[in-house]
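>
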Amino acid sequence: MVNQTLPPYSVATTALATAESPRVSNINISWQVGFRQAWLIFGAAIFLVTVPVFIEAPLVRVLPLLSLVLTAGWLWLSYKLMSTPKTYIWGDLLLGFSWSWLAGSVYWGWMRWEPLLHLPVEAIALPFAIAALKRGWGKVGNYFYLGSLLGTVLTDIYFYSVDLIPHWRQIMLEPELTPSILHSALAQVQTPLGQGLAIILATVLLVCGTLPLLSKQLHWWAFGGAVLSTILVDSLFLVAAIAA
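Read the sequence shown against this note's numbering and you will find it ends at 542, with the numbers running on by one and no gaps.
1) For chain D, check one thing: does any of its Cβ atoms lie closer than 8 Å to the Cβ of residue 457?
2) Can you give the Cα-Cα distance for residue 321 and residue 463, rounded to whole angstroms?
3) Exposed or buried, residue 527, counting other C-beta atoms within 10 Å across all chains shown (16 or more means buried)?
4) If you check the beta carbons only, do residue 438 and residue 387 fall under 8 Å apart?
5) Determine the burial state of residue 443: buried for a count of at least 16 other Cβ atoms within 10 Å of its Cβ, exposed for fewer.
6) What's the call for residue 340, buried or exposed, on a 16-neighbour Cβ count within 10 Å?
7) Rounding to the nearest angstrom, what Cα-Cα distance links residue 366 and residue 400 in this structure?
8) Out of 537, 531, 356, point me to the one whose CA is closest to residue 453's CA.
9) Please list the segments of the alpha helix (DSSP H) lying wholly inside the segment 346 to 431, counting only runs of 4 or more residues, in order along the chain.
10) By the 10 Å Cβ neighbour count, where 16 or more other Cβ atoms means buried, how is residue 420 classified, buried or exposed?
11) Label residue 319 either buried or exposed according to how many other C-beta atoms from any shown protein chain fall within 10 Å of its C-beta, with 16 as the threshold for buried.
12) Based on Cα-Cα distance, which residue from 475, 472, 436 lies nearest to residue 395?
13) Using the three-state DSSP reduction, which class does residue 489 fall into: helix, strand or coil?
14) Determine the DSSP secondary structure at residue 474, reduced to helix, strand or coil.
15) Suppose you measure from the CA of residue 514 to the CA of residue 471; what does that come to, to the nearest Å?
16) Which same chain residues, not among the five before or five after residue 510, have their C-beta less than 6 Å away from its C-beta?
17) Roughly how many angstroms separate the alpha carbons of residue 566 and residue 372, rounded to a whole number?
18) Identify which residue in 481, 451, 455 has its Cα closest to the Cα of residue 465.
19) Can you grab the Cα-Cα spacing for the pair residue 486 / residue 408, in whole Å?
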């Protein structure tokens, strides 16, 4: 279907150093170009994970249907970008972002009162991502989505382990009490258990986010950026709780 009309993944997402050359200067030039592109993918992945915090989160609370419809817009733009070899990789990345946006729209728009549904909804595109990766298609976008999902899973595990889920549910049901609820949640985070698990969480995220950067494959840089951005997003929520 879609993959039959788009350029093959190998056209746009080959390794950073795709071919050996007998001339060292050519190898260096190829690596420099690929390295810059890898950092662009890495930075874009971080940006696309943090954007929903500032744009989608407030939008979905007021206009959830509009946020959901915007998913179609992201998918259309992704398709257009993937139709051209020069911009294929950016359309590929945007495809993964579209899945994250879709999950965020569905959950935060209509199901945010029930934390137990968070992970199942966030994983809504997981079957598609796995099927696409088995065919070697859309690696950059699907690895970005998987990295973002991994960060979400680890953060939710922390919430369950430190017993922050009741605070989550209460904030959704009684938003006018958010400051006091955040103060109560912060007290639990500051316990020895909360601090110890936070260190473990940060360590796991750092390892899972930095090891992929040793690869010369662009999709791993998208994965690493998505995972590491979880630390940034979690830190923003911590700052918000402290400032409340």
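Backbone N, C-alpha and C define an ideal beta-carbon position, used for all residues, glycine too.
Model, not experiment: these values are computed from the prediction.
With the given structure in hand:
1) The question asks about chain D, but that chain is absent: this structure has only one protein chain.
2) Walking along the sequence shown from the start, residue 321 turns up at place 23. Walking along the sequence shown from the start, residue 463 turns up at place 165. Its pLDDT being 45, under 50, residue 321 is placed unreliably in this model, and the value from its coordinates should be taken loosely. In a straight line, the C-alpha of residue 321 is about 58 Å away from that of residue 463.
3) Within the sequence shown, residue 527 is the residue found at index 229, counting from 1. The residue is buried, with at least 16 neighbouring Cβ atoms inside 10 Å.
4) Walking along the sequence shown from the start, residue 438 turns up at place 140. Walking along the sequence shown from the start, residue 387 turns up at place 89. For residue 438 and residue 387, yes; Cβs fall inside 8 Å.
5) As a position in the sequence shown, residue 443 is number 145, starting the count at 1. Burial call: buried.
6) Position 42 of the sequence shown, counting from 1, holds the residue named residue 340. Buried.
7) Position 68 of the sequence shown, counted from the first residue, corresponds to residue 366. Position 102 of the sequence shown, counted from the first residue, corresponds to residue 400. About 6 Å.
8) Your numbering for residue 453 matches position 155 in the sequence shown. Ranking the options by Cα distance to residue 453, first place goes to 531.
9) 354 to 360, 362 to 380, 386 to 404, 416 to 420
10) What you label residue 420 is simply residue 122 of the sequence shown in a count that begins at 1. Classification of residue 420: buried, given that the 10 Å Cβ count is 16 or more.
11) Within the sequence shown, residue 319 is the residue found at index 21, counting from 1. In this predicted model, residue 319 has a pLDDT of only 41, less than 50, meaning its place in the structure is not dependable; the value taken from the coordinates is given anyway. Classification of residue 319: exposed, given that the 10 Å Cβ count is below 16.
12) In the sequence shown, counting from the first residue as 1, residue 395 sits at position 97. Measuring from the Cα of residue 395, the nearest candidate turns out to be 436.
13) Counted from its first residue, the sequence shown places residue 489 at position 191. The answer is coil: DSSP assigns residue 489 none of H, G, I, E or B.
14) Walking along the sequence shown from the start, residue 474 turns up at place 176. Looking at residue 474 - three-state DSSP - the assignment turns out to be helix.
15) For the purposes of this step, residue 514 is taken as residue 216 along the sequence shown, with counting starting at 1. For the purposes of this step, residue 471 is taken as residue 173 along the sequence shown, with counting starting at 1. Computed Cα separation, rounded: 46 Å.
16) On the sequence shown, residue 510 is found 212 positions in, with the first residue counted as 1. Excluding residues within five positions, the ones whose Cβ falls inside 6 Å are 518, 521, 522.
17) Residue 566 lies beyond the range of the chain shown here (299 to 542); nothing can be said about it.
18) Counted from its first residue, the sequence shown places residue 465 at position 167. Nearest option by C-alpha distance: 481.
19) Your numbering for residue 486 matches position 188 in the sequence shown. Your numbering for residue 408 matches position 110 in the sequence shown. About 28 Å.
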